[in-house]
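Following: one structure in structure tokens, then a few remarks.
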Amino acid sequence: MFIDRVKLKIKAGNGGNGLVAFRREKYVPLGGPAGGDGGKGGSIIFEVDTNKSTLLDLRYNRQVNAQSGGNGRANKMHGPDGEDIIVKVPLGTMIKDVETGGIIADLVKPEQSAVIAKGGKGGRGNWHFATGRNNAPDYAEQGEDGEVKEVQIELKLLADVGLIGFPSVGKSTLLSVVSKARPEIAEYHFTTITPNLGVVQVSDGRSFVMADLPGLIQGASEGKGLGHQFLRHIERCRVLLHVIDMGGHDGRDPVEDYKIINDELRQYELRLTERPQVVIANKMDLESAEENLERFRKAYPDLEVFPTVTIIHEGLESVLYRVADLLEVTPEFPMVDEETQTEGILYKFKPEAPAFEVFNLGNGQWKLEGKRLDRLFRSVDFEREEEVYRFASTLKKMGVDDALKEAGAKEGDTVFINDFKFEYFD
0 MFIDRVKLKI KAGNGGNGLV AFRREKYVPL GGPAGGDGGK GGSIIFEVDT NKSTLLDLRY
60 NRQVNAQSGG NGRANKMHGP DGEDIIVKVP LGTMIKDVET GGIIADLVKP EQSAVIAKGG
120 KGGRGNWHFA TGRNNAPDYA EQGEDGEVKE VQIELKLLAD VGLIGFPSVG KSTLLSVVSK
180 ARPEIAEYHF TTITPNLGVV QVSDGRSFVM ADLPGLIQGA SEGKGLGHQF LRHIERCRVL
240 LHVIDMGGHD GRDPVEDYKI INDELRQYEL RLTERPQVVI ANKMDLESAE ENLERFRKAY
300 PDLEVFPTVT IIHEGLESVL YRVADLLEVT PEFPMVDEET QTEGILYKFK PEAPAFEVFN
360 LGNGQWKLEG KRLDRLFRSV DFEREEEVYR FASTLKKMGV DDALKEAGAK EGDTVFINDF
420 KFEYFD
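Structural data, given as structure tokens:
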């Protein structure tokens, strides 16, 4: 079964908590701080496996969780790190964030990998917080939470050449003739419902990968028929081989068919019409083929058309030479505009988010939000008075007090951070 699209929920491991512990030594206050750091949580990493050709394995495992890090130990011993989860995927896999729609990684090289969900950092043990004024701190950091995401996994075939055209125009026959691929071939429409790949060897020694894709129909760009399932797989192709039934089998008009297919490509989002096309006038052994070819050339005088009869290998050598020549001068088409790809991960410049934001809820109530603030909040054990004081001191250094005052907060107002509330004092 060919599965090319799967949605997953993934959660990286949480970081372990730092430990509060003391050495037992004479003349050292409270024995001296010696609580170890928590281990980092395991990350979830996607890695290319060239032996895989489908996402079938992921279809039955919709939740992936990595191991959390262990808590710190006495004598400054570090807690164990959580084990990373390696998810094997086929070459050509793209991972998108469901919430934002952004591309997280595009894996297009053998053994390429990318961290999709990062494990949380471990909390620091109490020995990190010893100072001249407090040489026996009775608090430690909590570990950070691991990243939680819902991701869309899409497989987009890595083929140099994509066969396009209406159903039953001879695409599967062509692939079987020019390569060792053995797609199903039959006399009914939509025989091909999953993509097939084959390596084509040209007589002069050049070679390329060709994909036989499910047939296009009118409205495919809107999702009709196999719709986006088909179009998704020609996004990476550099050259399109457009097969037309010039014999007009089933009463079809080759001139109109060419127009319909290109209209569908034009309406799709990733500039498919910018790819060079090689047009094959197939089934030239049929009775009305010559007449239709003459009409076609009059309708599209600037097109180079290759008459063929694929079932008997007639006219194919010149087609393969033309395709190989085009591949030598046609660059790869970027999957995403205005983004730079590095080691499989697509980065887009984003201004640095502020440490926190102040929101006026009315009636003397205020809310503080921000990623850095949230990380700080989660690292505090509010059962320990010393940690609460440290938290308040850090907020002041971050400028929270000044920001609240500037926003109009008055003494006695209530301030919310996550599910905790505090009283504001000027």
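The opening residue of the sequence shown carries number 0 in numbering that gives the first Met the number 0; numbering runs sequentially from there. Idealized CB from N, CA, C, for every residue including glycine. Keep in mind that this is a model prediction, so the values were computed, not measured.
Residue i (DSSP reduced to helix, strand or coil)
{"i": "Phe332", "result": "coil"}
{"i": "Gln276", "result": "strand"}
{"i": "Met397", "result": "helix"}
{"i": "Lys108", "result": "coil"}
{"i": "Phe207", "result": "strand"}
{"i": "Leu239", "result": "strand"}
{"i": "Asn134", "result": "coil"}
{"i": "Thr49", "result": "coil"}
{"i": "Arg23", "result": "coil"}
{"i": "Val322", "result": "helix"}
{"i": "Asp244", "result": "strand"}
{"i": "Leu403", "result": "helix"}
{"i": "Gly30", "result": "helix"}
{"i": "Arg383", "result": "coil"}
{"i": "Phe419", "result": "strand"}
{"i": "Arg123", "result": "coil"}
{"i": "Leu271", "result": "helix"}
{"i": "Ala113", "result": "strand"}
{"i": "Leu18", "result": "coil"}
{"i": "Gly40", "result": "coil"}
Straight-line gap, residue i to residue j (C-alpha atoms, nearest Å)
{"i": "Leu325", "j": "Ala210", "result": "16 Å"}
{"i": "Asn195", "j": "Leu174", "result": "9 Å"}
{"i": "Gly246", "j": "Ala65", "result": "58 Å"}
{"i": "Glu143", "j": "Leu372", "result": "12 Å"}
{"i": "Ile44", "j": "Val114", "result": "4 Å"}
{"i": "Val160", "j": "Lys51", "result": "20 Å"}
{"i": "Asp284", "j": "Thr329", "result": "33 Å"}
{"i": "Val357", "j": "Lys409", "result": "14 Å"}
{"i": "Thr272", "j": "Tyr299", "result": "16 Å"}
{"i": "Leu403", "j": "Ser378", "result": "22 Å"}
{"i": "Pro89", "j": "Phe376", "result": "40 Å"}
{"i": "Ser220", "j": "Val86", "result": "Because Ser220 carries a pLDDT of 40, less than 50, the predicted location of this residue cannot be relied on, and no value is offered for it."}
{"i": "Arg374", "j": "Glu146", "result": "12 Å"}
{"i": "Asp3", "j": "Ala33", "result": "52 Å"}
{"i": "Val208", "j": "Arg274", "result": "16 Å"}
{"i": "Val427", "j": "Arg58", "result": "The requested residue 427 is not part of the displayed model; the chain covers only 0 to 425."}
{"i": "Lys108", "j": "Glu327", "result": "20 Å"}
{"i": "Val73", "j": "Gly31", "result": "Residue identity differs from the one stated: residue 73 is Ala in this sequence, not Val. The straight-line gap from Cα to Cα measures roughly 12 Å."}
{"i": "Gly15", "j": "Ala406", "result": "37 Å"}
{"i": "Arg132", "j": "Tyr423", "result": "27 Å"}
{"i": "Thr434", "j": "Glu331", "result": "The question about residue 434 has no answer, for the chain in this structure spans 0 to 425."}
{"i": "Ala20", "j": "Asn13", "result": "22 Å"}
{"i": "Tyr257", "j": "Ala354", "result": "56 Å"}
{"i": "Leu239", "j": "Leu315", "result": "15 Å"}
{"i": "Gly343", "j": "Asp105", "result": "Reliability of the predicted coordinates at Gly343 is poor, the pLDDT of 47 falling under 50, and the value obtained from them is presented with this limitation in mind. Taking the straight line joining both Cα atoms gives about 5 Å."}
{"i": "Leu319", "j": "Gly369", "result": "57 Å"}
Residue interval of the beta strand (DSSP E) (run including residue i)
{"i": "Arg4", "result": "Arg4 to Lys10"}
{"i": "Pro253", "result": "It is not in any beta strand (DSSP E) - Pro253 instead sits in the alpha helix (DSSP H) that spans Pro253 to Gln266."}
{"i": "Glu149", "result": "Val147 to Leu154"}
{"i": "Ile311", "result": "Element bounds for Ile311: n/a, residue is neither H nor E."}
{"i": "Ile85", "result": "Ile84 to Val88"}
{"i": "Val414", "result": "Thr413 to Ile416"}
{"i": "Leu360", "result": "Glu356 to Gly361"}
{"i": "Gln200", "result": "Asn195 to Gln200"}
{"i": "Met430", "result": "A question about residue 430 goes unanswered here, because the residues of the chain that appear run from 0 up to 425."}
{"i": "Met93", "result": "Thr92 to Asp96"}
{"i": "Asn64", "result": "Gln62 to Asn64"}
{"i": "Ile163", "result": "Val160 to Ile163"}
Alpha helix (DSSP H) segment containing residue i, residue limits
{"i": "Phe295", "result": "Ala288 to Ala298"}
{"i": "Leu174", "result": "Lys170 to Val177"}
{"i": "Phe376", "result": "Lys370 to Arg377"}
{"i": "Leu55", "result": "Leu55 to Arg58"}
Distance between beta carbons of residue j and residue i, contact taken as under 8 Å
{"i": "Lys170", "j": "Gly164", "result": "6 Å"}
{"i": "Lys39", "j": "Gly124", "result": "About 14 Å separates the two Cβ atoms, so there is no contact after all."}
{"i": "Leu18", "j": "Gly71", "result": "4 Å"}
{"i": "Pro253", "j": "Ile260", "result": "Going by Cβ atoms, the distance from Pro253 to Ile260 rounds to 11 Å, so no, they are not a contact pair."}
{"i": "Val47", "j": "Val97", "result": "Incorrect: roughly 22 Å between the Cβ atoms, too far for contact."}
{"i": "Ile84", "j": "Lys95", "result": "With a Cβ gap of about 19 Å, Ile84 and Lys95 do not count as contacting."}
{"i": "Ala116", "j": "Ser42", "result": "6 Å"}
{"i": "Gly35", "j": "Gly81", "result": "So it is not a contact: roughly 16 Å between Cβ atoms."}
{"i": "Gln141", "j": "Asp380", "result": "6 Å"}
Heavy atom of the ligand PLP within 7 Å of residue i beta-carbon
{"i": "Glu24", "result": "Looking at this structure, you won't find the ligand PLP or any other ligand, since it has none at all."}
- Query: Does the pairing of the segment 197-207 with the segment 314-324 give three or more beta-carbon distances under 8 Å?
  - Reply: Three or more Cβ pairs closer than 8 Å define a contact, and the segment 197-207 meets that threshold against the segment 314-324.
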